[in-house]
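Peer 1: Numbering (the numbering used here), first residue to last: 10 to 383.
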Ligand code: V47
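(1) Does residue 327 come out as helix, strand or coil in the three-state DSSP assignment?
(2) What residues in its chain sit with their C-beta under 8 Å from that of residue 359, if we drop five residues either side in the sequence?
(3) Enumerate, from N- to C-terminal direction, the unbroken alpha helix (DSSP H) stretches of 4 or more residues contained entirely within the region 41 to 66.
(4) Taking residue 371 as the reference, which of 104, 39, 122 has the closest Cα?
(5) With distances taken between CB atoms, is the gap from residue 311 to residue 343 smaller than 8 Å?
(6) Could you tell me the alpha carbon to alpha carbon distance between residue 177 and residue 37, rounded to whole angstroms?
(7) Note down the Cα distance separating residue 349 from residue 170, rounded to an integer number of angstroms.
(8) Going by beta-carbon coordinates alone, are residue 262 and residue 308 separated by less than 8 Å?
(9) Answer with buried or exposed for residue 197, where buried requires no fewer than 16 other C-beta atoms within 10 angstroms of its C-beta.
(10) Give me the Cα-Cα distance between residue 63 and residue 205, rounded to the nearest whole angstrom.
(11) Hey, out of 246, 345, 223, whose CA is closest to residue 306's CA?
(12) Using the beta-carbon count (16 or more within 10 Å), is residue 217 buried or exposed?
(13) Counting beta carbon pairs with one atom in the region 274 to 293 and one in the region 229 to 249, are three or more of them shorter than 8 Å?
(14) Can you tell me where the alpha helix (DSSP H) with residue 75 in it begins and where it stops?
(15) Looking at residue 192 and the ligand V47, is the gap between the Cβ and the nearest heavy atom below 7 Å?
(16) Taking the alpha-carbon positions, what's the residue 86 to residue 31 distance?
(17) Look at the alpha carbon of residue 158 and the alpha carbon of residue 238, and state the distance between them as a whole number of angstroms.
(18) Starting from residue 261 and walking both ways along the beta strand (DSSP E), at which residues does that stretch end?
(19) Following a CB-centred definition, is residue 301 positioned closer than 7 Å to any heavy atom of the ligand V47?
(20) Counting C-beta neighbours from all protein chains within 10 Å, is the total for residue 330 16 or more, i.e. buried, or is it exposed?
(21) Tell me the rounded alpha-carbon separation between residue 116 and residue 208.
(22) What separation, rounded to the nearest whole angstrom, lies between the Cα atoms of residue 255 and residue 16?
(23) Regarding residue 326 and the ligand V47, is the C-beta to nearest heavy atom distance less than 7 Å?
(24) Put residue 156 into one of helix, strand or coil per three-state DSSP.
(25) Between the Cα of residue 74 and the Cα atoms of 161, 268, 240, 119, which residue gives the shortest distance?
(26) Return the residue from the list 212, 34, 40, 49 that minimises the CA-CA distance to residue 19.
(27) Beta carbon of residue 125: closer than 7 Å to some heavy atom of the ligand V47?
(28) Would residue 186 pass as a contact of residue 226 if the rule is Cβ separation under 8 Å?
(29) Name, in chain order, the residues that DSSP records as bridge partners for residue 303.
(30) Any heavy atom of the ligand V47 closer than 7 Å to the Cβ of residue 189?
(31) Is the CB-CB distance between residue 133 and residue 184 below 8 Å?
(32) Name the residue from 297, 42, 70 whose alpha carbon lies nearest to the alpha carbon of residue 374.
(33) Would you say residue 88 and residue 268 are within 8 Å of each other, going by their C-beta atoms?
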């Protein structure tokens, strides 16, 4: 085991290091210390220590494609630049033929995961969601479909007239294997009431995710930070996720999402700094002792900082992504997609061994040159 550093500028970190070494669980106060310390380097070293216990020098990425089937959304959350009303300029809803065409444009690429998120469209019938999954599975049989946040699942269940559990089972039969982590934002009634009161609250989000885990659908978990949340609210969010993970074991990865303010109703809030972006990653690695993976999402924090984050507790860079929309509409300046070679170069240059993975973190064998691997 690598030694934990003993030259802490912040003595509070030394006490936390003792707990980490002894395998003792961190608590709410420890979480606050991690989020408030200015001893960033030692915070990173502690998180790196834990990250290497789990993953050694491996760092993961996936060849994935994003697909946003609609931006029509009845919730109109204050932090969102993506949503439109039905008749509003810029509103779109993809037909099944559009979806098929979008997937076929990249059919020669070895895509392993389809990441699918959309708005809460008031009128799409239940059948649309079933056919959407069936279309994706038919066109891309080897890709895992990671689709619909818990907020979408709640809405789709409403459209189906079935229970959430029955809805999930029907979606699973049509090809749903995994759910993305969005929708909870921060598990806090205060923030829910102020920023996204038309959508389900934190308790409801946890209930739907618990049901998904029970039906054998694994999910990710995210946290939208850098807006009006307090540090204590961040810690409570992480601890609520940790409690649910103790109960179900159904979370795959945790992904902190940096708030991008442009074109949103919160556009007076400044963008996050590098310090703001690295501390949630390191804190999550230490507090979420029952999560295997912490992702540094390069779309959110930029390619350069995501690479640095691999040394601050993150073990995964997400992936090629190919055409991110939600954050770019809110002003993200990162690329819209990255190539496999670029991801590998970023990981190698940070001192790690790149591992291309599938959606379930199984290593993927690289295709031989010129071989087709849809
Ligand atoms: O819940 C919306 C976020 C999420 C903004 O599971 C914004 O691997 C920043 O679920 N600035 C949806 N973020 C996307 C999502 C997701 C994203 C990346 C990885 C994974 C995963 C899942 O997008 C929403 C919200 O938190 N979001 N607007 C914004 N202005």
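Ideal Cβ placement from N, Cα and C applies to all residues, glycine included. Keep in mind the model is a prediction, meaning the values are calculated, not measured.
Peer 2: Taking the geometry as given:
(1) Three-state result, residue 327: strand.
(2) Counting only Cβ-Cβ distances below 8 Å, and skipping sequence neighbours, we find 68, 316, 317, 319, 320.
(3) Considered as a whole, the region 41 to 66 harbours 49 to 64 as its complete alpha helix (DSSP H) runs of no fewer than 4 residues, in chain order.
(4) Among 104, 39, 122, the Cα nearest to that of residue 371 is on 122.
(5) One thing to note: residue 311 has its Cβ within 8 Å of the Cβ of residue 343.
(6) Cα to Cα, the separation comes out at about 33 Å.
(7) Counting only the Cα atoms, residue 170 lies some 42 Å from residue 349.
(8) With contacts defined as CB atoms closer than 8 Å, residue 262 and residue 308 fail to qualify as a contacting pair.
(9) Buried.
(10) In a straight line, the C-alpha of residue 63 is about 36 Å away from that of residue 205.
(11) Among 246, 345, 223, the Cα nearest to that of residue 306 is on 345.
(12) Under this definition residue 217 is a buried residue.
(13) Note that the region 229 to 249 touches the region 274 to 293; at least 3 beta-carbon pairs, one per stretch, sit closer than 8 Å.
(14) Counting along the chain, residue 75 falls outside any alpha helix (DSSP H), though it belongs to the beta strand (DSSP E) covering 73 to 76.
(15) Between the ligand V47 and residue 192, a heavy atom-to-CB distance of less than 7 Å is present.
(16) Straight across, the Cα-Cα distance linking residue 86 with residue 31 is about 43 Å.
(17) Roughly 21 Å between the two C-alpha positions.
(18) First-last of the beta strand (DSSP E) with residue 261: 260 to 267.
(19) Every heavy atom of the ligand V47 is 7 Å or more from the Cβ of residue 301, so no.
(20) With 16 or more Cβ atoms within 10 Å of its Cβ, residue 330 is classed as buried.
(21) Straight-line measurement puts the Cα of residue 208 at about 35 Å from the Cα of residue 116.
(22) The straight-line gap from Cα to Cα measures roughly 33 Å.
(23) Result no, Cβ not under 7 Å from the ligand V47.
(24) If DSSP states are grouped into helix, strand and coil, residue 156 belongs with the strands.
(25) Checking every option, the nearest Cα to that of residue 74 belongs to 119.
(26) Ranked by Cα distance from residue 19, the options 212, 34, 40, 49 are led by 49.
(27) In this structure, residue 125 has its CB at a distance of at least 7 Å from all heavy atoms of the ligand V47.
(28) A contact, by the Cβ cut-off of 8 Å.
(29) For residue 303, which the question treats as bridged, DSSP gives the partners 263.
(30) Answer for residue 189: yes, Cβ within range of the ligand V47.
(31) Contact flag unset, no.
(32) Measuring C-alpha to C-alpha distances from residue 374 to each of 297, 42, 70 identifies 70 as the nearest.
(33) Between residue 88 and residue 268, the C-beta spacing is below 8 Å.
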